[in-house]
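Student:
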Ligand SMILES: Nc1nc2c(ncn2[C@@H]2O[C@H](COP(=O)(O)OP(=O)(O)O)[C@@H](O)[C@H]2O)c(=O)[nH]1
Ligand SMILES: [Mg+2]
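Below you can see the structure in the form of structure tokens.
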């Protein structure tokens, strides 16, 4: 039975702006690709996101960011994951992130960054790839 | 018990920083391999159990998650020392197997509260095991010290109704503008309820729905009392609530937050969850019921535990046998040979069963 179980993924939106179109879109394409997606809604603090990720035992966290505070927010999320002994949770992101910041984010430990317009298939393939070695219990 | 499971249980019960993570992992094991519930239970005889497991069910959109969120806030106000668990079930897509679990959106204020543990589950269609898996999750919540566990499910589908039936108390939530509500009552939810909530009382149509529900309950009550044919009982849509002592409808009466036709009829609460109206009353009712019945429930759970283990054993037998009989496996070859030989069917079945049962965990097709 569990051969069919795919990893769970949290999709959340930290920051103060209230647009969740991008986050919902990614949540839906991942659901359609067979993932169980835990959607947290908008304006979540890094603490809420990380605590939720731990309780839900997700394999990955996807953050949608539009507010420009992406470096600080990703830093904080990665820090909190580390504090909670949950470094193994994959973190990816998307939204209006300037291309020049992407190498920096990847260096910090963000696995993938999707810019607006990335085709659904590409997003799913990249996430499948990131989670290839994740063992579902 | 498997060493890894044992370690996770130890960690989950500790005060260490990895306790929450371990509990969450245990929950994953329970939902992904529900047949292992027996194993978990075997190692958990002395675990604390929640005093109350509350099922919250009803049509999609009726406000179950919102009520759960507000009940959680009430609970935390009342019992600052106690822990609360929430299990929120949403349906899986029957086409892709994926699921969008969004109940948490309404509960985010509790996300970082160390006294609240929330777990979302996908119903995973007919793959089954949801009821069993959810029981495992509730057990783990007991393990980490949850005093009360709220289980939210959409009130459709066999296994979801089963989950509700496993709860100590079931709240059925109805709301106006939710055409499904009355239909679902007719389809069996009426009987499943220990309490009703007519939610969205701030909306038009709430009074009517309230009346419809009370009429249905009244009919049921009269049938029970075998008085259905007695003249004089108000049976019209005025129902008993707006009816004065002489059976005259009082149009000015404001429906009370709590109405109970008699002690054996589930009480009906009127709430506006988003305005936090009626929630405190609901909470007090739940508290009263728990104080009175927690001991009975503990005893009833013992019976349920036996049933759980029985189901876990049956599930495990089914899995081992079907593994062994899959094309390409050893048992399948025996089947093929058997069609040529001259052994009796009964002898063959016995042998296959015996071997499958003995095969043990080594045969698991997948695992961690
Ligand atoms: N007007 C009104 N809307 C409500 C009330 N309770 C919940 N809602 C809204 O109804 C919608 C569905 O609520 P939700 O709790 O997600 O329902 P569920 O599907 O049963 O869990 C949301 O938009 C809520 O904000 C209420 O008391 N009054
Ligand atoms: Mg809900």
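Chains as they are written, first to last, in the working numbering: chain Y, 890 to 1026; chain A, 559 to 926. We treat Cβ as the ideally placed atom computed from N, Cα and C, and that holds for glycine.
So, does the CB of residue 709 of chain A fall closer than 8 angstroms to a CB anywhere in chain Y?
Tutor: As a first step, residue 709 of chain A is located in the second chain; it is residue number 151 there, counting from the start. Taking Cβ atoms only, chain Y never reaches closer than 8 angstroms to residue 709 of chain A, which makes this a no.
Student: Taking 7 angstroms as the cut-off, is the beta-carbon of residue 710 of chain A closer than that to any non-hydrogen atom of ligand 2?
Tutor: Position 152 of the second chain, counting from 1, holds the residue named residue 710 of chain A. The answer is yes for residue 710 of chain A.
Student: For residue 586 of chain A and residue 933 of chain Y, what's the separation of their Cα atoms in angstroms?
Tutor: Along the second chain, read from residue 1 onward, the residue named residue 586 of chain A stands at position 28. Along the first chain, read from residue 1 onward, the residue named residue 933 of chain Y stands at position 44. The alpha-carbon atoms of residue 586 of chain A and residue 933 of chain Y are separated by roughly 24 angstroms.
Student: Could you tell me which of A:867, A:840 and A:753 sits nearest to residue 825 of chain A, measuring between CA atoms?
Tutor: Here residue 825 of chain A is taken as the residue at index 267 of the second chain, counted from 1. Residue A:753 is the option with its Cα nearest to residue 825 of chain A.
Student: Pairs of beta-carbons, one from the segment 608 to 616 of chain A and one from the segment 878 to 898 of chain A, closer than 8 angstroms: are there three or more?
Tutor: The answer is no - the segment 878 to 898 of chain A does not touch the segment 608 to 616 of chain A, with fewer than three Cβ pairs under 8 angstroms.
Student: Using a 10 Å radius around the Cβ and a threshold of 16 neighbouring Cβ atoms, would you call residue 899 of chain Y buried or exposed?
Tutor: Here residue 899 of chain Y refers to the residue found at position 10 when the first chain is read from its first residue. Label assigned to residue 899 of chain Y: buried.
Student: For residue 755 of chain A, which of A:728, A:699, A:744 and A:647 has the nearest alpha-carbon?
Tutor: Residue 755 of chain A sits at position 197 when you count from the first residue of the second chain. When only C-alpha atoms are compared, the closest one is A:728.
Student: Tell me which residues share the same chain as residue 843 of chain A and place their Cβ nearer than 8 angstroms to its Cβ, disregarding the 5 neighbours each side in the sequence.
Tutor: For this step, residue 843 of chain A is matched to residue 285 along the second chain. Correct list, in chain order: 753, 816, 825 and 827.
Student: Do residue 690 of chain A and residue 595 of chain A come within 8 angstroms of each other at the CB atom, strictly closer than that value?
Tutor: One-based indexing of the second chain puts residue 595 of chain A at position 37. One-based indexing of the second chain puts residue 690 of chain A at position 132. Yes, the pair counts as a contact, with Cβ atoms nearer than the cut-off.
Student: Need the endpoints of the beta strand (DSSP E) that residue 902 of chain Y sits in, please.
Tutor: In the first chain, residue 902 of chain Y corresponds to position 13, counting from 1. Unbroken run through residue 902 of chain Y: none, as it is neither H nor E.
Student: Measuring alpha carbon to alpha carbon, tell me which of Y:945, Y:906, Y:949 and Y:953 ends up nearest residue 912 of chain Y.
Tutor: Counting from 1 along the first chain, the entry for residue 912 of chain Y is found at position 23. Of Y:945, Y:906, Y:949 and Y:953, the residue nearest in Cα terms is Y:953.
Student: Just verifying my parser: in three-state terms, what is the DSSP assignment at residue 872 of chain A?
Tutor: Taking the second chain and counting its residues from 1, the one referred to as residue 872 of chain A is at position 314. In the structure shown, residue 872 of chain A sits in a helix (DSSP, three-state: H, G or I).
Student: Cα separation between residue 854 of chain A and residue 610 of chain A?
Tutor: Translated into the one-based positions of the second chain, residue 854 of chain A becomes position 296. Translated into the one-based positions of the second chain, residue 610 of chain A becomes position 52. Each residue's Cα considered, the two are about 11 angstroms apart.
Student: Decide yes or no for the touch test of the segment 697 to 704 of chain A against the segment 831 to 842 of chain A: beta carbon pairs closer than 8 angstroms, at least 3 of them.
Tutor: No contact exists between the segment 697 to 704 of chain A and the segment 831 to 842 of chain A.
Student: Is the segment 648 to 656 of chain A touching the segment 912 to 930 of chain Y in the sense that three or more CB pairs, one from each, lie closer than 8 angstroms?
Tutor: Touching, yes.
Student: Tell me whether residue 888 of chain A, by its Cβ, gets closer than 7 angstroms to a heavy atom of ligand 2.
Tutor: Position 330 of the second chain, counted from the first residue, corresponds to residue 888 of chain A. Not under cutoff, so the answer is no.
Student: Taking C-alpha atoms, which residue in A:735, A:741 and A:603 lies nearest to residue 762 of chain A?
Tutor: Here the question's residue 762 of chain A lines up with position 204 in the second chain. For residue 762 of chain A, the nearest C-alpha among the options comes from A:735.
Student: Please compile the residues from chain A whose C-beta is within a distance smaller than 8 angstroms of the C-beta of residue 1001 of chain Y.
Tutor: As a first step, residue 1001 of chain Y must be located in the first chain, where it is residue number 112. Here the premise fails: no neighbours, minimum Cβ distance about 19 angstroms.
Student: Just to check, is the beta-carbon of residue 681 of chain A closer than 7 angstroms to a non-hydrogen atom of ligand 2?
Tutor: Working through the second chain from its first residue, we reach residue 681 of chain A at position 123. No, the Cβ of residue 681 of chain A stays beyond 7 angstroms of every heavy atom of ligand 2.
Student: Going along chain A in order, which residues have a C-beta closer than 7 angstroms to the C-beta of residue 894 of chain Y?
Tutor: Position 5 of the first chain, counted from the start, is the residue given in the question as residue 894 of chain Y. Going along chain A in sequence order, the residues near residue 894 of chain Y (Cβ under 7 angstroms) are 590.
Student: Quick check: residue 593 of chain A and residue 877 of chain A, are their CB atoms within less than 8 angstroms of each other?
Tutor: Numbered from its first residue, the second chain carries residue 593 of chain A at position 35. Numbered from its first residue, the second chain carries residue 877 of chain A at position 319. Contact flag set, yes.
Student: The alpha helix (DSSP H) spanning residue 570 of chain A covers which residue range?
Tutor: Against the second chain, residue 570 of chain A aligns to sequence position 12. Start and end: 561 to 571.
Student: Going by DSSP, name the residue or residues bridged to residue 641 of chain A.
Tutor: By 1-based counting over the second chain, the position of residue 641 of chain A is 83. In the DSSP output, where bridge partners are listed per residue, residue 641 of chain A has A:704.
Student: Taking the alpha carbon of residue 670 of chain A as the point to measure from, which residue in Y:926, Y:929 and Y:937 has its own alpha carbon closest?
Tutor: Here residue 670 of chain A is taken as the residue at index 112 of the second chain, counted from 1. For residue 670 of chain A, the nearest C-alpha among the options comes from Y:937.
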